[in-house]
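*Asks:* In my numbering, the protein residues as written are 1330 to 1776. Note that the Cβ used here is the ideal one computed from N, Cα and C, for glycine as well.
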Amino acid sequence: MNHPEPFPEASDSPLADSLWRGRWLALVAAALGWMFDGFEMGLHPLVAYPALRELLGPGVAASLGPAADPAAAEAALKTAVGQWNAILNALFLFGAAAGGFFFGWLGDRIGRTRALTLTILTYTILTGLGGFSTSVWHLAASRFLAAVGMGGEWSLGVALIMEIWPASARPLLAGVIGAVGNVGYLLIALTSLGMNAVSGQSTTSSWRPLMFIGVAPAFLVFLIRLWVPESARWEAAVAHSEPVKPWEPLGPATRGRCILAILLMGIALLATWGAVQWIPLWSVSVAGPEYSGAKEYSQIAAGIGAVIGTLAAALFAGRFGRRPTYFVMCLLSLVATGWLFRTPQTFGPEFLAGVFLVGLTTAAFYGWAPLYLPELFPTRIRATAQGIAYNFGRIFAGIGTIVLTGAMLDRFKSDLPASLAFTSLIYVAGLVLIWFAPETKGKPLPD
């Protein structure tokens, strides 16, 4: 049995008006949380290269000795930076997976809003501490632990918003969820450019202040704790039921859907983190030393495309169905990444246009997922199930980032674009797998 919508429309009734305001306050708080998630995720591609060069440089130089050839020393440092960038990406994904599992389960136990505040405090404080790193291991620990909070925030925010808004609004809201995250990804690139312009220095000297800025979302906690209502649908679902067990979504009733969701999100995440997230670092090599803002401009192009793509994907899925939309996203992503990574590139408008298209197509999955995943699971276990489904995909992506990308770099003699092109072929699996998943268009959220 499905419950009626938990909140009525705004009216002359004080209770209805209060509930209507609560719905909008929840959306604003969750949207800000997702925006800062994107801000934090966009931070790493900008700071990784200068931070890793600074933190690894002395060790690499010492290992080669004072008589080392400068060209050989630079090559060794670039190799170490590439290897550690893959490790940091994987640690982020493993941390986000751990946070998604834990905080998703916690949200089903103590409520969406209470758990949400804990996730935001976790990722803001740990990101800020990363700015004090004096070794690569400090940076790695910050990246992992901050990701624990970010992984939980996505699942909880999605569950809260999809449960308190009416079904007719879900496609648009899913697009907003994906879009605001990419607005944050775009904002951090603009912030970096602005800081460089004011200081007259390169990103190399400003990576620590950028990490300190990551503490800003902590203020969002006060908004959530004071004014954002709890999900009435969740409160009704858990009122007379046993506490949720962490492994419950993998039980007989929802196991099949959970496994399919894991695989579908694993494909999108593996391609994103094994290929697309390398574009800002790759753009430095494409641009050469004469373009000091190559990383930022690439991230801006990808971010603009991603905002459009996430909104379009969710609205398309709302009209034409979840399965056809996923198929189209895989097909377009395959074409866009294939063209960008397999075509000889020089930095300029054509390159940035290609990055824009890759951002538009590959980020579309993150507008589709907030619409589809909540529709697969009942309210009582929704946050836990989403945490498992979305974050098992992150584990696959983390392993793939280290194993697959590393293996491809060896296979292609450190030819990064050839490696990224091969990794993006994972979208082919999505073209087939989606037809085994249930279609949920036009159906209410299961209770």
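#1: Are L1356 and I1490 closer than 8 Å when you measure CB to CB?
#2: Does the pairing of the region 1573-1591 with the region 1707-1719 give three or more beta-carbon distances under 8 Å?
#3: Which same chain residues end up closer than 7 Å to W1607 when comparing Cβ atoms and leaving out the 5 residues on each side of it in sequence?
#4: Skipping 5 residues on each side, what residues in its chain have a beta carbon closer than 6 Å to that of W1611?
#5: Which of helix, strand or coil does DSSP assign to G1650?
#6: Thinking just about the alpha-carbon of each residue, which of V1509, A1641, T1690 is nearest to the one in L1661?
#7: Based on Cα-Cα distance, which residue from G1677, V1487, A1358, P1538 lies nearest to Y1626?
#8: Buried or exposed: P1333, going by 16 or more other Cβ atoms within 10 Å of its Cβ?
#9: How long is the line joining the alpha carbons of E1704 and W1697, rounded to whole angstroms?
#10: Using C-beta distances below 7 Å, list every residue in its chain close to L1592, excluding the 5 sequence neighbours before and after it, in chain order.
#11: Cα separation between A1404 and E1571?
#12: Quick one: measure Cβ to Cβ for L1501 and A1643, integer angstroms, because I've assumed they're closer than 8 Å.
#13: With respect to the alpha helix (DSSP H) encompassing G1539, which residues constitute its N-terminal and C-terminal limits?
#14: Check each candidate in A1665, V1557, G1371 and name the one with the smallest Cα separation from R1350.
#15: Taking just the CA atoms, how far does G1436 sit from T1442?
#16: So the candidates are W1602, S1621, V1636; which of them puts its Cα closest to the Cα of T1666?
#17: Is the region 1626-1639 touching the region 1503-1510, taking contact as three or more C-beta pairs under 8 Å?
#18: Taking H1467 as part of the alpha helix (DSSP H), name the residues at either end of that continuous run.
#19: Can you confirm whether the region 1460-1467 touches the region 1376-1387 when touching is taken to mean that 3 or more C-beta pairs between the two stretches lie within less than 8 Å?
#20: Would you call the region 1465-1479 and the region 1415-1432 in contact, with 3 or more CB pairs under 8 Å?
#21: Count the other C-beta atoms from every protein chain shown that fall within 10 angstroms of the C-beta of E1326, then say buried if there are 16 or more, exposed otherwise.
*Replies:* According to the structure shown:
#1: Here the question's residue 1356 lines up with position 27 in the sequence shown. Here the question's residue 1490 lines up with position 161 in the sequence shown. A contact, by the Cβ cut-off of 8 Å.
#2: yes
#3: Within the sequence shown, the letter at position 278 stands for residue 1607. Same-chain partners within the cutoff: L1745, L1749.
#4: Mapped onto the sequence shown, residue 1611 falls at position 282. For W1611, where only same-chain residues beyond five positions count, the Cβ hits under 6 Å are L1745.
#5: Your numbering for residue 1650 matches position 321 in the sequence shown. G1650: coil per DSSP, three-state reduction.
#6: By one-based count along the sequence shown, residue 1661 stands at place 332. Closest by alpha carbon: T1690.
#7: Residue mapping note: residue 1626 aligns to position 297 of the sequence shown, counting from 1. Minimum Cα distance to Y1626 is reached at G1677.
#8: For this step, residue 1333 is matched to residue 4 along the sequence shown. Any reading at P1333 must be qualified, since the residue scores a pLDDT of 44, below 50, and its modelled position is unreliable; no value is offered.
#9: Residue mapping note: residue 1704 aligns to position 375 of the sequence shown, counting from 1. Residue mapping note: residue 1697 aligns to position 368 of the sequence shown, counting from 1. Whole-angstrom Cα-Cα distance: 11 Å.
#10: Mapped onto the sequence shown, residue 1592 falls at position 263. Result list for L1592: L1762, in chain order.
#11: For the purposes of this step, residue 1404 is taken as residue 75 along the sequence shown, with counting starting at 1. For the purposes of this step, residue 1571 is taken as residue 242 along the sequence shown, with counting starting at 1. Their Cα atoms are separated by approximately 58 Å.
#12: Within the sequence shown, the letter at position 172 stands for residue 1501. Within the sequence shown, the letter at position 314 stands for residue 1643. So it is a contact: roughly 7 Å between Cβ atoms.
#13: As a first step, residue 1539 must be located in the sequence shown, where it is residue number 210. Reading off the sequence, residue 1539 comes out as Leu, not Gly. Where L1539 is concerned, the enclosing alpha helix (DSSP H) stretches over 1536-1542.
#14: Within the sequence shown, residue 1350 is the residue found at index 21, counting from 1. Ranking A1665, V1557, G1371 by Cα distance to R1350 puts V1557 first.
#15: Taking the sequence shown and counting its residues from 1, the one referred to as residue 1442 is at position 113. Taking the sequence shown and counting its residues from 1, the one referred to as residue 1436 is at position 107. Straight-line Cα distance between these residues: approximately 8 Å.
#16: Numbered from its first residue, the sequence shown carries residue 1666 at position 337. For the residues W1602, S1621, V1636, the minimum Cα distance to T1666 belongs to W1602.
#17: They touch, by the three-pair rule.
#18: Within the sequence shown, numbered from 1, the residue matching residue 1467 stands at position 138. That run of the alpha helix (DSSP H) goes 1465-1493.
#19: yes
#20: yes
#21: Coverage of the chain is limited to positions 1330 through 1776, which leaves residue 1326 absent and any answer about it impossible.
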